[in-house]
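Peer 1: Just remember that our numbering sits 165 ahead of the position in the sequence shown, which is counted from 1.
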Amino acid sequence: MIAEWILYTNAYITLIFIGYKILTFLFPIVYPYFIACTQNLDRLAGGANWVVITGSTDGIGKAFAFELAENGFNLVLISRTRSKLEATKNEINEAYPHIEIKTIAFDFSNPNLADYEEKLFHVVEDLDVGILVNNVGYVSEYPDVFHKLPGGTKAILDGLFINTVPVTLLTAAVLPQMVERKAGIVINVSSAAAYASFAYWSVYAASKRYVNHLSASLRSEYDTTGITIQTLCPMRVSTKMSKASESWLSPSPKTYVKSALQTVGNIDETTGCLSHQLQVAGFALPHALIAPISNRFSERKKDAALETSEI
């Protein structure tokens, strides 16, 4: 009798465990993209009408700027190159002339706190910032083994600074006013590379893993404040940095951001679009199966980059 009870108990526990694993596998695919209703961004932002976006003159960051301008938010665009900032500002103002736009030229490879305080913090703290999009990022010109990464130790240091310092310091700068308002949105753009140990992308993958971990910790700390802290972990988007051709698997920045914004307030961590979420589901496979595929992809990307540079 006791043996039978133990057998049934183990069977039920096993079924519950399997059911839980299936639900946790399916939830990030099904709920945000098929079930959840799009949240009102203005409500989540607490009525604060300024958005701060880093890495805002190309790719995903620029797409965020256009989409949020369309939603009626004023913009603070932060990027390295002044001419590209002005060009982006003019493009957005032409499409949305009622939007107020401020631009700040800032080199995020410079981790000097005094520069952050002088050029960024005082601007952010003087505005009602409802949304912060930490998008700026750095990836090496092509993947390679650690000691042969293009750019050497300078590029390694730049990658660490750009991928970890801005997201940390700017989030710290906006949180006080969001806590006081009991509302606000922080979107931290990470990468699907954070989900696995990727050979040839060691610094990039590790620094993006930091973004995921920071975001998760902050969600726990600010759980009762009404602040939405979301992590976006995209696969390849068709940008200048990725050099990927546009397709369903590699959407345009505009398509990607439209999808990503529909998930804000519905899920804490996501790839941002259905096609990417389905691709990331493959990471559940054993590393021994994934590694050869990712290694071949990295080798092809390196070969393509070297061939292009030789032409």
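Yeah, the Cβ is synthetic: ideal placement off N, Cα and C, and Gly gets one too.
Keep in mind the model is a prediction, meaning the values are calculated, not measured.
1. Output needed for Glu475: all residues of its chain with C-beta closer than 8 Å, excluding positions within five of it in sequence on either side, in chain order.
2. When you compare each of His378, Ala371, Ser372, Gln442 to Arg401 by their alpha carbons, which one comes out closest?
3. In the DSSP assignment, find the unbroken beta strand (DSSP E) run with Ser244 in it and report its ends.
4. Rounded to whole angstroms, what is the Cα-Cα separation between Ser274 and Asn175?
5. Quick check: Val332 and Val376, are their CB atoms within less than 7 Å of each other?
6. Taking the beta strand (DSSP E) that Leu397 falls in, what are its first and last residues?
7. In this structure, does DSSP put Asn328 in helix, strand or coil?
8. Helix, strand or coil: which one does DSSP assign to Val310?
9. Could you give the residue range of the alpha helix (DSSP H) that holds Ala381?
10. Can you list, in chain order, the residues of its chain with a C-beta nearer than 8 Å to that of Gln444? Leave out the 5 residues immediately preceding and following it.
11. Does the pairing of the segment 209 to 219 with the segment 297 to 317 give three or more beta-carbon distances under 8 Å?
12. On the criterion of 16 or more Cβ atoms from any shown chain inside 10 Å, does Thr246 qualify as buried, or is it exposed?
13. How should Ile225 be labelled, buried or exposed, when 16 other C-beta atoms within 10 angstroms of its C-beta is the threshold for buried?
14. Identify the continuous alpha helix (DSSP H) that holds Gly224 and give its terminal residues.
15. Determine contact between the segment 446 to 466 and the segment 363 to 371, defined as no fewer than three beta-carbon pairs at a distance below 8 Å.
16. Which word fits Leu172, buried or exposed, when buried means at least 16 other C-beta atoms lie within 10 angstroms of its C-beta?
17. State whether the segment 333 to 342 contacts the segment 247 to 260, with contact taken as three or more CB pairs (one from each stretch) at a distance under 8 Å.
18. When the distance is taken between beta carbons, is Pro416 closer than 7 Å to Val330?
19. For Tyr185, is the classification buried or exposed, using 16 other Cβ atoms within 10 angstroms of its Cβ as the cut-off for buried?
20. In this structure, does DSSP put Glu475 in helix, strand or coil?
21. Determine the burial state of Gly295: buried for a count of at least 16 other Cβ atoms within 10 Å of its Cβ, exposed for fewer.
22. Measuring only the C-alpha atoms, how far is Lys467 from Ile178?
23. The alpha helix (DSSP H) with Lys254 in it runs from where to where?
24. Apart from the five residues on each side of it in sequence, which residues of its chain come closer than 6 Å, Cβ to Cβ, to Gly237?
25. Give me, in chain order, the residues of the same chain whose beta-carbon lies closer than 7 Å to that of Lys249; leave out the 5 immediate sequence neighbours on both sides.
26. Between which two residues does the beta strand (DSSP E) containing Thr219 stretch?
Peer 2: So, to answer that:
1. Within the sequence shown, residue 475 is the residue found at index 310, counting from 1. Here the model assigns Glu475 a pLDDT of 49, short of 50, so the residue's position is not dependable, and the following value carries that caveat. Here Glu475 has no same chain residue with a Cβ atom under 8 Å from its own Cβ, once five neighbours each way along the sequence are excluded.
2. The sequence position of residue 401 within the sequence shown is 236, counting from 1. The option with the nearest alpha carbon to Arg401 is Gln442.
3. To locate residue 244, count along the sequence shown from 1; it is residue 79. Element bounds for Ser244: 239 to 244.
4. The sequence position of residue 274 within the sequence shown is 109, counting from 1. The sequence position of residue 175 within the sequence shown is 10, counting from 1. A straight line joining the alpha-carbon of Ser274 with that of Asn175 spans about 54 Å.
5. Numbered from 1 along the sequence shown, position 167 holds the residue referred to as residue 332. Numbered from 1 along the sequence shown, position 211 holds the residue referred to as residue 376. The answer is yes: Cβ separation under 7 Å.
6. Your numbering for residue 397 matches position 232 in the sequence shown. Residues 392 to 397.
7. Position 163 of the sequence shown, counted from the start, is the residue given in the question as residue 328. Looking at Asn328 - three-state DSSP - the assignment turns out to be helix.
8. Translated into positions along the sequence shown, residue 310 becomes position 145. Correct three-state label for Val310: coil.
9. Along the sequence shown, one-based indexing puts residue 381 at 216. Ala381 -> alpha helix (DSSP H) spans 367 to 386.
10. Taking the first residue of the sequence shown as 1, we reach residue 444 at position 279. Cβ neighbours of Gln444 beyond the five flanking positions: Ala357, Met400, Leu414, Thr436.
11. Enough Cβ pairs lie closer than 8 Å, so yes.
12. As a working mapping, residue 246 is identified with position 81 in the sequence shown. By the neighbour-count rule (16 or more Cβ atoms within 10 Å), Thr246 is not buried but exposed.
13. Taking the sequence shown and counting its residues from 1, one reaches residue 225 at position 60. The residue is buried, with at least 16 neighbouring Cβ atoms inside 10 Å.
14. Position 59 of the sequence shown, counted from the start, is the residue given in the question as residue 224. Gly224 -> alpha helix (DSSP H) spans 224 to 235.
15. Touching, per the Cβ criterion.
16. Walking along the sequence shown from the start, residue 172 turns up at place 7. By the neighbour-count rule (16 or more Cβ atoms within 10 Å), Leu172 is not buried but exposed.
17. The segment 333 to 342 vs the segment 247 to 260: no contact.
18. Along the sequence shown, read from residue 1 onward, the residue named residue 330 stands at position 165. Along the sequence shown, read from residue 1 onward, the residue named residue 416 stands at position 251. Cβ atoms of Val330 and Pro416: not closer than 7 Å.
19. Within the sequence shown, the letter at position 20 stands for residue 185. Residue environment analysis places Tyr185 among the exposed positions, since fewer than 16 neighbouring C-beta atoms fall within 10 angstroms of its C-beta.
20. Taking the sequence shown and counting its residues from 1, one reaches residue 475 at position 310. Confidence is the limiting factor: at Glu475 the pLDDT is only 49, short of 50, which leaves the residue's position unreliable and the question unanswerable from this model.
21. The residue you call residue 295 lines up with position 130 of the sequence shown. Classification for Gly295: buried.
22. Counting from 1 along the sequence shown, the entry for residue 467 is found at position 302. Counting from 1 along the sequence shown, the entry for residue 178 is found at position 13. Each residue's alpha carbon lies about 47 Å from the other.
23. Stepping through the sequence shown from its first residue, residue 254 is reached at position 89. Its alpha helix (DSSP H) spans residues 247 to 260.
24. Along the sequence shown, one-based indexing puts residue 237 at 72. Here the set comprises nothing.
25. Taking the sequence shown and counting its residues from 1, one reaches residue 249 at position 84. So the list reads Thr222, once near-sequence residues are dropped.
26. As a working note, residue 219 is residue 54 in the sequence shown. Run containing Thr219: 215 to 219, per the beta strand (DSSP E) assignment.
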